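Worksheet: one structure, shown below.
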Amino acid sequence: MVASLECFDSRQLKLWRQRIFEVYDRFRDVFEEYGLDEDLRNLLNNLDYLLNILSIKLPYQLKIAKVNEFLEDLERFRVYASRYLGRIAEQLYRDVKEVIEEVFNSEVVKDV
Numbered sequence: 062m063v064a065s066l067e068c069f070d071s072r073q074l075k076l077w078r079q080r081i082f083e084v085y086d087r088f089r090d091v092f093e094e095y096g097l098d099e100d101l102r103n104l105l106n107n108l109d110y111l112l113n114i115l116s117i118k119l120p121y122q123l124k125i126a127k128v129n130e131f132l133e134d135l136e137r138f139r140v141y142a143s144r145y146l147g148r149i150a151e152q153l154y155r156d157v158k159e160v161i162e163e164v165f166n167s168e169v170v171k172d173v
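So the sequence shown is numbered by this note's numbering: it starts at 62 and just counts up by one.
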C-alpha cells in the first residue's frame, strides 16, 4: 500500500512501527557484537521520529525535505556500517528502504 504524505491511518502507522521493531530485532545481535547497536537504535529511532513528523499536519515540502534528509542519513549509515558488517549492513539498508517505500510514494523515495 502506498500512502500519501498528507494522510496517515493510525493503524497503518502502528503496522509500520511493528516493521521497524522487526528490523531492529533481526539485526540487533550482530550489530551489538560489533559495538554498533546504539547506532542501529539511533537510525531506527530516527525513522520512528520521521513517522511522527509525517503524521502531523505540516507543509508538503517540509515533509519531503524530512524524508530526503532521512534517506541521506540512511545512506551514510549504510556506508559506515558496511566497513564493519559488509553484506549484513547492505541487507539492513534494503530492509529499511523497503519500509520507507511502503510508507512513502515513489516520487519521494529516490536513490540518494
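Glycine included, each C-beta is placed from N, C-alpha and C at the ideal position.
If you're wondering where the values come from, they're calculated on a predicted model, not measured in any experiment.
- When secondary structure is reduced to three states using DSSP, residue 146 falls in the helix class.
- At the C-beta level, residue 88 and residue 101 come within 8 Å of one another.
- Judged by beta-carbon spacing, residue 84 lies within the 8 Å limit of residue 160, meaning their Cβ atoms are closer than that value.
- Cβ neighbours of residue 149 within its own chain (closer than 6 Å, five residues either side excluded): 91.
- Boundaries for residue 116: no alpha helix (DSSP H) harbours it, and the DSSP string shows neither H nor E there.
- Counting along the chain, the unbroken alpha helix (DSSP H) around residue 76 starts and ends at 71-94.
- DSSP, read as helix, strand or coil, puts residue 97 in coil.
- Scanning its chain for C-beta atoms nearer than 8 Å, with the 5 sequence neighbours on each side dropped, one finds around residue 114 the residues 124 and 127, in chain order.
- Rounded to whole angstroms, the gap between the alpha carbons of residue 151 and residue 143 is 7 Å.
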